[in-house]
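Peer 1: Line order of the protein sequences matches chains A and B.
The first sequence runs 34 to 460 under my numbering.
The second sequence runs 222 to 254 under my numbering.
Glycine residues also receive a C-beta, built at the ideal position from the N, C-alpha and C atoms.
In this text the structure is predicted, and so the values were computed from the model without any measurement.
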Amino acid sequence: LINAWTQTPTKWYPLPIAVGAILLVAIQYRKKRKGSSKQVELDDDGIEIIKLQGPWQVHVLGALPLRNMSRIWGYLNSLELPIWFRPIGLRIYATAFGCNLDEIEPADLRAYASLGDFFYRKLKQDARPVDPDAILVSPADGRILHFGTVQDLRVEQVKGMSYSLDALLGVERPGTPPPHVAPSHRDKMPVVDDHEFANVNGIEYSLNQLIGLSSPIDSTPPTPSRERSERESSVAAATDLPKKFGDRIDASVPQKDLQETLAHDASVALSMGVQPALERKRSSISGGASSVRPGNSLYFTVIYLAPGDYHRFHSPTAWVVEKRRHFVGELFSVSPYMAKRLQNLFVLNERVALLGKWRYGFFGMVPVGATNVGSIKINFDQALRTNVRGPSPPPGTYSEAVYSAASPILNGQPLLTAQEMGGFCLG
Amino acid sequence: STIVLVFEAPSDEFEFTIKAGDKVKVGQRLGDL
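1) According to DSSP, is Trp-352/A part of a helix, a strand, or is it coil?
2) Along the chain, where does the alpha helix (DSSP H) containing Pro-369/A start, and where does it finish?
3) Would you call the CB atoms of His-344/A and Tyr-108/A closer than 8 angstroms?
4) Quick check: Asn-377/A and Gly-402/A, are their CB atoms within less than 8 angstroms of each other?
5) What is the residue span of the beta strand (DSSP E) that Gln-40/A lies within?
6) Report the rounded CA-to-CA distance for Leu-94/A versus Thr-430/A, giving the unit in angstroms.
7) With 8 angstroms as the limit, tell me which residues of the region 391 to 403 of chain A have their beta carbon closer than that to any beta carbon of chain B; keep them in chain order.
8) Should the region 46 to 54 of chain A be called in touch with the region 334 to 341 of chain A, which here means at least 3 C-beta pairs below 8 angstroms?
9) Measuring only the C-alpha atoms, how far is Leu-375/A from Lys-84/A?
10) Tell me, please, which residues DSSP counts as bridged to Asp-253/B.
11) When burial is assigned at 16 or more other CB atoms within 10 Å of the CB, is Asn-232/A buried or exposed?
12) Could you say which of Met-305/A, Pro-349/A, Gly-341/A lies nearest to Ser-368/A if we only look at CA atoms?
13) How would you call Asn-36/A, buried or exposed, if buried means at least 16 neighbouring beta carbons within 10 angstroms?
14) Nearest CA to the CA of His-297/A: which residue from Ser-324/A, Gly-423/A, Asp-141/A, Gln-452/A?
15) Using a Cβ cut-off of 8 angstroms (strictly closer), state whether Leu-201/A contacts chain B.
16) Flag Thr-334/A as yes if its beta-carbon sits less than 8 angstroms from any beta-carbon of chain B, otherwise no.
17) Just mark His-179/A as buried or exposed, buried being the case when its beta carbon has 16 or more other beta carbons within 10 Å.
18) Tell me where the beta strand (DSSP E) around Val-534/A begins and ends.
19) State the Cα-Cα distance for the pair Thr-256/A and Ala-416/A, rounded to the nearest angstrom.
20) Would you say Tyr-337/A reaches chain B, if we count a Cβ-Cβ gap shorter than 8 angstroms as a contact?
21) Under a CB-based cut-off of 8 angstroms, is Pro-349/A close to chain B?
22) Quick one: grab the DSSP three-state call for Asn-110/A.
23) By how many angstroms is the C-alpha of Val-225/B removed from the C-alpha of Gln-86/A?
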């Protein structure tokens, strides 16, 4: 090898100028093509292709087994710490990440068996006063990354970089099967017009649901026997959730006290300003055809939770969660650094889209997982399992659950402003 | 971790009461009509 390296004669040949020129043209053409398709790349069916896009650092991260790393991280942080070490170790963590130990409940650090326990800590009763006059409050402690209006069904991630609202919430195109859903379950998925995404998410016929009319997915009126068979199939599906992509199950947590439930539902309905008679009239006029109510717009806001922040999330308003869509995806970091570099970050990562309605129409809340916090808990959804082992399904695949059994009045899971909903766990 | 909120509200009336980069706490006002 040394001989070959040192003794092989090198002969230089001049390349014809034309070859060099062609090469330059080809490079320029490639650059231009990339530039023009930078915003949206569509497949043959017109559906945006969600793929890893960004500088080399992003591709290096994409090559790492992030999901496995996240689960190992979670396992390590679930290991029980010796009692004598807990106050020291947790104080070091709290100092490093800026946790306020004065507001935690319980205040005794020895009560937290592991770092994972401390990470999912509770706060004292009045640690977070809720603005009584606000129609929309922060669901979590964190930093506002971005906010604005949704334009052309695209949500801006950072300035000049956006992602598809359809991809974030999961909507299919007319006449096409939902993307990457097992063929045997395709017929069970909702299929809607591109511009009617809001219908799927409950904007128009959410009014119908409020007053107990037909379901947005299935327009035929429910009969007692059909309801019974749906309930039976829901229970069967719930036991087999990870295997059945595209199945809709009823994941409502059974209510123990009907009177208490009704009082809670009535309270949420009151907060939402529901007036059944008026809503019935309005919905019959509009007929459930438009996507957003006239005079309304779609808004978005993104809140980033840093590692030291309180990691439970609360309801941002009085609303009814009708369904959740669990997207199994990657677990990239969602730090502002990555948000500025990785295109489609929020639609690549594992997330749980909670979709429903509030007094002004559609309302959606999407907790997005990250490498260190891959697990998302929803208090009223015991069937939900996130960051589990197994093959990752293609981007865009989701499993859906409906919460119609949670409330006999509102046909979904009613939530009051600032009511605790769930949280993020380590790993 | 991150939370994305997407919601419908009256176009002319709703406005955010926050700025990008603001630190927020649970229960703090985000927007108003």
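Peer 2: On the basis of the data shown:
1) Trp-352/A: strand per DSSP, three-state reduction.
2) Counting along the chain, the alpha helix (DSSP H) containing Pro-369/A begins and ends at 369 to 374.
3) No. Outside cutoff.
4) Cβ atoms of Asn-377/A and Gly-402/A: not closer than 8 angstroms.
5) Segment 35 to 40 is the alpha helix (DSSP H) holding Gln-40/A; no beta strand (DSSP E) there.
6) Cα to Cα, the separation comes out at about 22 angstroms.
7) Taking 8 angstroms as the Cβ-Cβ cut-off against chain B, the residues of the region 391 to 403 of chain A that qualify are Trp-391, Tyr-393, Gly-394, Phe-395, Phe-396, Gly-397, Met-398, Val-399, Pro-400, Val-401, Gly-402, Ala-403.
8) No, the region 46 to 54 of chain A does not touch the region 334 to 341 of chain A.
9) Rounded to whole angstroms, Leu-375/A to Lys-84/A spans 10 angstroms at the Cα level.
10) In the DSSP assignment, Asp-253/B forms a beta bridge with Glu-236/B.
11) Low confidence applies here, because Asn-232/A scores a pLDDT of 35, under 50, leaving its location unreliable; read the following figure in that light. Per the 10 Å Cβ criterion, buried.
12) The candidate whose alpha carbon is nearest that of Ser-368/A is Gly-341/A.
13) Around the beta carbon of Asn-36/A, fewer than 16 other beta carbons lie within 10 angstroms, which makes this residue exposed.
14) For the residues Ser-324/A, Gly-423/A, Asp-141/A, Gln-452/A, the minimum Cα distance to His-297/A belongs to Gln-452/A.
15) Closer than 8 angstroms to some Cβ of chain B, the Cβ of Leu-201/A qualifies, so yes.
16) Chain B has a Cβ within less than 8 angstroms of the Cβ of Thr-334/A.
17) Buried: at least 16 other Cβ atoms inside 10 Å.
18) What is shown of chain A runs 34 to 460, which leaves residue 534/A out entirely.
19) Low confidence applies to Thr-256/A: its pLDDT is 44, below 50, so where it sits in the model is not reliable, and the reading given next is rough at best. Those two C-alpha atoms are separated by around 26 angstroms.
20) So, interface residue.
21) Yes, Pro-349/A counts as interfacial toward chain B.
22) Note: Asn-110/A maps to helix in three-state DSSP.
23) Counting only the Cα atoms, Val-225/B lies some 21 angstroms from Gln-86/A.
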